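Presented below is the structure to which this report refers.
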Amino acid sequence: DARVTQTPRHKVTEMGQEVTMRCQPILGHNTVFWYRQTMMQGLELLAYFRNRAPLDDSGMPKDRFSAEMPDATLATLKIQPSEPRDSAVYFCASGLRGNEQFFGPGTRLTVL
Amino acid sequence: QQPVQSPQAVILREGEDAVINCSSSKALYSVHWYRQKHGEAPVFLMILLKGGEQKGHEKISASFNEKKQQSSLYLTASQLSYSGTYFCGTERGRQGGSEKLVFGKGTKLTVNP
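Quick note, the sequences are listed as chains A and B, same order.
Residue numbers are given in our numbering: position 103 of the first sequence equals residue 103, and the series is strictly consecutive.
Residue numbers are given in our numbering: position 95 of the second sequence equals residue 207, and the series is strictly consecutive.
Next up, the structure:
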């Protein structure tokens with residue numbers, strides 16, 4: 001049963017700290033997406049990759065957020081420094097171009 | 113640019129039908145539908161492509177009016193398991209390989225016994 005995995009599932013940190021979220025896409029999927037979900041804004045696309053190359057990160061605050069795919073089995077999203085307004089659920093999703101996206105369980109981030 | 117979904121919420125009794133609408137002000141290449149249960153991740157339901165092609169689950173039906181940039185999701189003979197928040201995601205095009213989805217704010221569906 002292939003699934004997208006994300007770690008950690010929950011993270012509580014203090015303002016100013018670095019946060020790293022990790023995602024393991026489904027083996028064989030060539031596209032990886034990072035989304036952020038809040039009550040106010042809903043589900044927003046932050047960045048996505050195809051074949052490990054970044055295609056679009058226009059949804060990401062560039063001064064504090066960064067996304068990478070060091071290899072085909074790992075995608076990372078970093079926030080440095082974190083702020084209370086970054087509190088949200090961060091989802092990673094993977095898929096094959098033009099088809100359904102499989103979402104991971106999410107990382108619930110709380111920045112105090 | 114965010115698509116508008118209506119209604120925002122709907123409450124049904126088991127066996128009743130519902131229609132959820134998604135409307136965009138921009139020309140669309142495709143519309144994607146997802147369902148999210150409380151505390152869980154969104155789960156794929158269907159893709160509707162410009163030109164009429166559909167990919168999705170057999171028990172879910174939907175329509176896509178390209179000229180009006182509108183899509184509707186039809187839930188018939190609702191079951192308790194249909195409860196959740198339904199999101200439409202709209203795709204403007206595939207130029208340069210882009211397939212960005214912009215999601216609506218969601219429609220919360222509650223099915224009661």
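Just so it is clear, CB atoms sit at the ideal spot from N, CA and C, and this is done for glycine as well.
The model shown is predicted, which means the values in this text are computed figures rather than measured ones.
Distance from the Cα of K78 of chain A is smallest, within the candidate group A:R3, A:L46, A:H29, A:L112, for A:L46. At a beta-carbon threshold of 9 Å, the residues of chain B lying near P105 of chain A are E152, A153, ordered along the chain.
Chain-order list of chain B residues neighbouring D1 of chain A: empty, with the shortest C-beta distance near 14 Å, by a criterion of under 8 Å. Per DSSP, the continuous beta strand (DSSP E) segment holding P70 of chain A begins and ends at 65-71.
Taken through DSSP and simplified to helix, strand or coil, S193 of chain B comes out as helix.
Under the three-state reduction of DSSP output, R97 of chain A falls in the coil class, being neither helix nor strand. The criterion of a C-beta distance shorter than 8 Å is not satisfied by L185 of chain B and G201 of chain B. One finds nothing in chain B with a Cβ atom closer than 7 Å to the Cβ of R64 of chain A; even the nearest lies about 21 Å away.
Beyond the five residues adjoining it in sequence on each side, E68 of chain A comes within less than 6 Å, by CB distance, of T76 in the same chain, given in chain order. Assignment of R85 of chain A by DSSP, reduced to helix, strand and coil, places it in the helix class. Against chain B, the beta carbon of E100 of chain A has neighbours under 7 Å at F156, I159, listed in chain order.
Secondary structure note for H10 of chain A: its beta strand (DSSP E) is the uninterrupted segment 10-13. Taken in chain order, the whole beta strand (DSSP E) runs of length 3 or more contained in the stretch 132-204 of chain B are 142-148, 155-161, 166-168, 173-177, 182-187, 196-203. For F215 of chain B, the chain A residues whose Cβ falls inside 7 Å of its Cβ are G42, L43, in order along the chain.
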